[in-house]
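Student: Just passing along the structure, written as C-alpha coordinates.
In my numbering, the protein residues as written are -1 to 220.
What follows is the structure in C-alpha coordinates.
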(Lines of atoms letter the chains of each structure in order from A and count residues from 1; the text may use other names and numbers.)
(Lines give C-alpha, C1' and ligand atoms only; values in the text may rest on other atoms or scores of the structure.)
Protein backbone atom coordinates (compact mmCIF):
# COMPACT_ATOMS: atom_id res chain seq x y z
CA UNK A 1 0.00 0.00 0.00
CA UNK A 2 1.41 3.35 -0.94
CA UNK A 3 2.19 5.70 1.94
CA UNK A 4 0.27 8.91 2.14
CA UNK A 5 2.16 12.21 2.15
CA UNK A 6 1.40 12.54 5.88
CA UNK A 7 2.92 9.11 6.65
CA UNK A 8 6.01 9.96 4.61
CA UNK A 9 6.45 13.21 6.52
CA UNK A 10 6.10 11.41 9.87
CA UNK A 11 8.77 8.91 8.81
CA UNK A 12 11.10 11.72 7.85
CA UNK A 13 10.43 13.46 11.19
CA UNK A 14 11.13 10.22 13.13
CA UNK A 15 14.51 9.82 11.41
CA UNK A 16 15.36 13.45 12.10
CA UNK A 17 14.48 13.07 15.79
CA UNK A 18 16.62 9.93 16.13
CA UNK A 19 19.52 11.60 14.37
CA UNK A 20 19.26 14.65 16.61
CA UNK A 21 19.18 12.43 19.70
CA UNK A 22 22.34 10.70 18.52
CA UNK A 23 24.08 14.03 18.03
CA UNK A 24 23.05 15.13 21.54
CA UNK A 25 24.37 11.87 23.00
CA UNK A 26 27.69 12.25 21.20
CA UNK A 27 28.00 15.86 22.29
CA UNK A 28 27.25 14.87 25.89
CA UNK A 29 29.97 12.19 25.77
CA UNK A 30 32.47 14.67 24.36
CA UNK A 31 31.57 17.23 27.05
CA UNK A 32 32.01 14.66 29.82
CA UNK A 33 35.41 13.65 28.39
CA UNK A 34 36.54 17.28 28.20
CA UNK A 35 35.38 17.86 31.77
CA UNK A 36 37.30 14.80 33.04
CA UNK A 37 40.48 15.89 31.22
CA UNK A 38 40.13 19.41 32.66
CA UNK A 39 39.70 18.07 36.21
CA UNK A 40 42.78 15.82 35.87
CA UNK A 41 44.85 18.67 34.40
CA UNK A 42 43.81 21.10 37.16
CA UNK A 43 44.57 18.50 39.83
CA UNK A 44 48.01 17.82 38.37
CA UNK A 45 48.71 21.56 38.17
CA UNK A 46 47.69 22.10 41.80
CA UNK A 47 49.87 19.19 43.00
CA UNK A 48 52.81 20.60 41.03
CA UNK A 49 52.34 24.09 42.50
CA UNK A 50 51.94 22.64 45.99
CA UNK A 51 55.14 20.63 45.51
CA UNK A 52 57.19 23.59 44.31
CA UNK A 53 55.74 26.66 46.06
CA UNK A 54 52.69 26.31 48.30
CA UNK A 55 53.62 23.40 50.64
CA UNK A 56 50.10 23.38 52.10
CA UNK A 57 49.78 20.93 54.98
CA UNK A 58 47.27 18.18 54.33
CA UNK A 59 47.49 18.46 50.55
CA UNK A 60 49.57 16.00 48.51
CA UNK A 61 52.88 16.61 46.76
CA UNK A 62 54.31 14.48 43.98
CA UNK A 63 56.84 12.81 46.28
CA UNK A 64 54.02 11.37 48.38
CA UNK A 65 52.10 10.14 45.34
CA UNK A 66 54.85 8.50 43.29
CA UNK A 67 57.29 7.47 45.98
CA UNK A 68 60.13 9.99 45.73
CA UNK A 69 62.17 10.27 48.91
CA UNK A 70 60.99 6.92 50.25
CA UNK A 71 63.39 6.02 53.08
CA UNK A 72 66.11 3.45 52.44
CA UNK A 73 65.93 1.91 55.88
CA UNK A 74 68.81 -0.54 55.41
CA UNK A 75 71.96 0.74 57.13
CA UNK A 76 75.09 1.01 54.96
CA UNK A 77 77.76 -1.65 55.26
CA UNK A 78 81.40 -0.91 56.13
CA UNK A 79 82.35 -0.31 52.49
CA UNK A 80 79.15 1.43 51.45
CA UNK A 81 78.08 5.07 51.26
CA UNK A 82 74.41 5.98 50.92
CA UNK A 83 73.32 9.31 49.44
CA UNK A 84 69.66 10.27 49.98
CA UNK A 85 68.17 13.21 48.10
CA UNK A 86 65.24 14.36 50.23
CA UNK A 87 62.41 16.04 48.34
CA UNK A 88 61.87 19.45 49.95
CA UNK A 89 60.33 21.15 46.93
CA UNK A 90 62.16 24.41 46.29
CA UNK A 91 65.74 24.12 47.57
CA UNK A 92 67.85 21.12 48.52
CA UNK A 93 68.40 18.57 51.24
CA UNK A 94 70.79 15.63 51.12
CA UNK A 95 71.59 12.93 53.66
CA UNK A 96 74.88 11.04 53.42
CA UNK A 97 75.23 7.88 55.49
CA UNK A 98 78.25 5.70 56.08
CA UNK A 99 78.58 2.95 58.65
CA UNK A 100 80.07 5.53 61.06
CA UNK A 101 78.76 8.97 60.10
CA UNK A 102 75.53 10.79 59.27
CA UNK A 103 75.87 14.01 57.30
CA UNK A 104 73.02 16.38 56.43
CA UNK A 105 73.49 18.95 53.68
CA UNK A 106 70.83 21.68 53.78
CA UNK A 107 67.19 21.20 54.79
CA UNK A 108 65.06 23.28 52.44
CA UNK A 109 62.69 26.00 53.62
CA UNK A 110 61.63 26.39 57.25
CA UNK A 111 58.32 24.56 56.68
CA UNK A 112 60.20 21.51 55.37
CA UNK A 113 61.99 20.90 58.69
CA UNK A 114 59.34 18.45 59.90
CA UNK A 115 59.58 16.42 56.71
CA UNK A 116 63.39 16.30 56.90
CA UNK A 117 63.28 15.34 60.57
CA UNK A 118 60.76 12.55 59.86
CA UNK A 119 62.98 11.28 57.05
CA UNK A 120 65.99 11.17 59.35
CA UNK A 121 64.04 9.26 62.00
CA UNK A 122 62.75 6.81 59.38
CA UNK A 123 66.36 6.11 58.47
CA UNK A 124 67.41 5.54 62.10
CA UNK A 125 69.41 8.77 62.27
CA UNK A 126 69.57 9.78 65.94
CA UNK A 127 72.68 11.94 65.55
CA UNK A 128 74.04 14.18 62.81
CA UNK A 129 77.81 14.14 62.94
CA UNK A 130 78.10 16.96 60.41
CA UNK A 131 75.54 19.47 59.13
CA UNK A 132 76.67 21.34 56.02
CA UNK A 133 74.95 24.61 55.17
CA UNK A 134 75.89 25.35 51.57
CA UNK A 135 74.82 29.01 51.67
CA UNK A 136 72.45 31.10 53.80
CA UNK A 137 69.43 31.36 51.52
CA UNK A 138 66.20 30.23 53.14
CA UNK A 139 65.47 27.47 50.62
CA UNK A 140 68.68 25.77 51.75
CA UNK A 141 69.08 26.59 55.45
CA UNK A 142 65.52 27.52 56.42
CA UNK A 143 64.86 24.13 58.01
CA UNK A 144 68.31 23.61 59.56
CA UNK A 145 67.64 25.47 62.81
CA UNK A 146 64.61 23.32 63.67
CA UNK A 147 66.35 20.08 62.69
CA UNK A 148 69.49 20.65 64.77
CA UNK A 149 67.28 21.90 67.59
CA UNK A 150 65.62 18.47 67.75
CA UNK A 151 68.45 16.06 67.01
CA UNK A 152 71.92 15.65 68.48
CA UNK A 153 74.42 17.43 66.26
CA UNK A 154 78.20 17.40 66.15
CA UNK A 155 79.69 20.02 63.83
CA UNK A 156 77.99 22.64 61.68
CA UNK A 157 79.91 23.62 58.55
CA UNK A 158 79.25 27.10 57.15
CA UNK A 159 80.66 29.06 54.19
CA UNK A 160 83.00 31.96 54.81
CA UNK A 161 81.06 35.09 53.90
CA UNK A 162 82.29 38.71 54.07
CA UNK A 163 80.61 40.79 56.77
CA UNK A 164 79.16 43.25 54.28
CA UNK A 165 76.93 40.67 52.59
CA UNK A 166 75.99 38.48 55.57
CA UNK A 167 72.19 38.27 55.39
CA UNK A 168 70.01 39.58 58.22
CA UNK A 169 67.21 37.12 57.45
CA UNK A 170 65.22 35.26 60.10
CA UNK A 171 66.45 31.92 58.75
CA UNK A 172 70.13 32.81 59.13
CA UNK A 173 69.62 34.55 62.47
CA UNK A 174 67.72 31.55 63.87
CA UNK A 175 70.45 29.20 62.66
CA UNK A 176 73.21 31.16 64.40
CA UNK A 177 71.12 31.47 67.56
CA UNK A 178 70.49 27.71 67.70
CA UNK A 179 74.18 26.98 67.13
CA UNK A 180 75.06 29.29 70.03
CA UNK A 181 72.35 27.93 72.35
CA UNK A 182 73.49 24.34 71.80
CA UNK A 183 77.20 25.28 71.89
CA UNK A 184 77.81 23.45 68.63
CA UNK A 185 81.19 23.26 66.96
CA UNK A 186 81.40 25.40 63.81
CA UNK A 187 83.84 25.04 60.93
CA UNK A 188 84.47 27.30 57.95
CA UNK A 189 86.22 25.16 55.33
CA UNK A 190 88.97 26.58 53.18
CA UNK A 191 89.29 25.92 49.48
CA UNK A 192 89.95 22.21 48.79
CA UNK A 193 89.82 21.35 52.48
CA UNK A 194 89.09 17.64 52.98
CA UNK A 195 86.84 15.99 55.55
CA UNK A 196 87.94 12.39 56.06
CA UNK A 197 85.14 10.00 56.97
CA UNK A 198 87.13 6.77 56.80
CA UNK A 199 90.09 5.30 54.94
CA UNK A 200 88.26 5.33 51.61
CA UNK A 201 85.71 8.12 51.96
CA UNK A 202 86.43 11.84 51.81
CA UNK A 203 84.48 15.03 51.28
CA UNK A 204 86.39 17.83 49.57
CA UNK A 205 85.04 21.38 49.88
CA UNK A 206 85.45 23.48 46.76
CA UNK A 207 84.97 26.70 48.68
CA UNK A 208 84.87 30.14 47.09
CA UNK A 209 88.20 31.39 45.78
CA UNK A 210 87.58 35.14 45.52
CA UNK A 211 85.27 37.90 46.66
CA UNK A 212 81.82 38.01 45.09
CA UNK A 213 78.80 40.28 45.25
CA UNK A 214 76.27 37.46 44.87
CA UNK A 215 75.64 35.34 47.98
CA UNK A 216 75.08 32.18 45.93
CA UNK A 217 78.68 32.33 44.73
CA UNK A 218 79.91 31.68 48.27
CA UNK A 219 78.23 28.28 48.35
CA UNK A 220 80.14 25.33 49.77
CA UNK A 221 80.44 22.87 46.89
CA UNK A 222 81.31 19.35 47.95
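Every residue, glycine too, gets a C-beta built ideally from N, C-alpha and C.
Measure the C-alpha to C-alpha separation of residue 246 and residue 100 and round it to an integer number of angstroms.
Tutor: What is shown of the chain runs -1 to 220, which leaves residue 246 out entirely.
Student: Taking a contact to mean a Cβ-Cβ separation below 7 Å, would you say residue 155 touches residue 139 in this structure?
Tutor: Here residue 155 is taken as the residue at index 157 of the chain shown, counted from 1. Here residue 139 is taken as the residue at index 141 of the chain shown, counted from 1. No, the Cβ-Cβ distance between residue 155 and residue 139 is not below 7 Å.
Student: DSSP puts residue 200 in a beta bridge; with which residues?
Tutor: Translated into the one-based positions of the chain shown, residue 200 becomes position 202. Bridge partners of residue 200: 194.
Student: Under a Cβ-count criterion, where at least 16 other Cβ atoms within 10 Å of its own Cβ denotes burial, should residue 96 be classed as buried or exposed?
Tutor: Numbered from 1 along the chain shown, position 98 holds the residue referred to as residue 96. Buried is the call here.
Student: Within this structure, are the beta carbons of residue 166 and residue 142 separated by less than 7 Å?
Tutor: Counted from its first residue, the chain shown places residue 166 at position 168. Counted from its first residue, the chain shown places residue 142 at position 144. No, these two residues do not count as a Cβ contact at 7 Å.
Student: Under the three-state reduction of DSSP, which class applies to residue 155: helix, strand or coil?
Tutor: Locating residue 155 in the chain shown gives position 157, where the first residue counts as 1. If DSSP states are grouped into helix, strand and coil, residue 155 belongs with the strands.
Student: Looking at the structure shown, is residue 98 part of a helix, part of a strand, or coil, going by DSSP?
Tutor: As a position in the chain shown, residue 98 is number 100, starting the count at 1. DSSP places residue 98 in coil when its eight states are reduced to three.
Student: Just the C-alpha distance for residue 108 and residue 150, rounded to the nearest angstrom, thanks.
Tutor: In the chain shown, the residue the question calls residue 108 occupies position 110. In the chain shown, the residue the question calls residue 150 occupies position 152. Cα to Cα, residue 108 sits roughly 19 Å from residue 150.
Student: Classify residue 82 as helix, strand or coil using the three-state DSSP reduction.
Tutor: One-based indexing of the chain shown puts residue 82 at position 84. DSSP places residue 82 in strand when its eight states are reduced to three.
Student: Using a threshold of 7 Å, state whether the C-beta atoms of residue 145 and residue 188 are closer than that.
Tutor: Taking the first residue of the chain shown as position 1, residue 145 is located at position 147. Taking the first residue of the chain shown as position 1, residue 188 is located at position 190. No.
Student: Can you check which of these residues, 157, 84, 135, is closest to residue 119 by C-alpha distance?
Tutor: Here residue 119 is taken as the residue at index 121 of the chain shown, counted from 1. Nearest option by C-alpha distance: 84.
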